[in-house]
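Protein chains in written order, with my numbering: chain A, 1 to 114; chain B, 1001 to 1114.
Each residue gets a CB set at the ideal place from its N, CA and C atoms; glycine is no exception.
Notes for the one structure printed next.
In structure tokens form, the structure reads like this:
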């Protein structure tokens, strides 16, 4: 049981390049989330998927797209990377049951855009 | 929408002393308040949480208190140890809707001095 996994761990892009961050969970969780973490700003929600087949915007969605490929996988795409998107990206998931509210986080992807 | 403020941003304590981190929230609909610990290079991990129908919850050296009237909640760590050194995040969310959109505080860097 690996929990939440993210690939890659590190990535360097040039301005204008595109890339997809991958996230998978093996806990049969219903909801999945993408956050970015910047110094002094905590974790900010980019997009989330409450259930398979649905996605919604969070606080900072501009410049990103997501795909909930199936119940296990939730990917985040940067179509044209900008230096402002340099950040650490975390994926998280949650079961959504009355007695189980814990949100589990992956280890993160550190992205640098030059 | 919800806004969560967290204080202090950094906290240094001597080993064995207590540490207190405080958060305030703005949305009275929020009813679930988790605390996360993030060690260097890792994703956040849940350490304790509290629902709005409870005023206090304790787990060994860690406790959380909630004041719904004042809309603030606090993390208390007693008998601190060097391994408690990390960044701590509070969060707030209304869980009635089932989407669990967490709003995080900006984090507190705790240093426990040996």
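- Residue state for residue 56/A is assigned as strand, using DSSP reduced to three classes.
- Judged by their CB atoms, residue 109/A and residue 9/A are nearer to each other than the 8 Å cut-off.
- Cβ-Cβ separation between residue 15/A and residue 81/A: approximately 6 Å, consistent with a contact (criterion under 8 Å).
- According to the DSSP assignment, residue 1076/B belongs to the beta strand (DSSP E) that extends over 1072-1077.
- With respect to the 8 Å criterion, residue 1018/B and residue 1093/B are not classified as neighbours on the basis of their beta carbons.
- Taking all protein chains in view, the Cβ of residue 76/A is crowded by 16 or more other Cβ atoms within 10 Å, so the residue is classified as buried.
- For residue 1052/B, the three-state secondary structure derived from DSSP is coil.
- At least one CB of chain B lies nearer than 8 Å to the CB of residue 107/A.
- Under the Cβ criterion of 8 Å, residue 1071/B is not counted among the residues facing chain A.
- Residue 1066/B does not reach chain A, its nearest Cβ partner there being about 15 Å away, counting only Cβ pairs nearer than 9 Å.
- As the crow flies, the alpha-carbon of residue 1073/B is around 43 Å from that of residue 17/A.
- Taking residue 113/A as the centre and dropping the five residues before and after it, the same chain places the C-beta of 13, 15, 81, 82, 83, 85, 86 closer than 7 Å to its C-beta, in chain order.
- Taken atom to atom, the span from the alpha-carbon of residue 1114/B to that of residue 1086/B is near 14 Å.
- Taking 8 Å as the cut-off, the Cβ atoms of residue 1016/B and residue 1065/B do not count as close.
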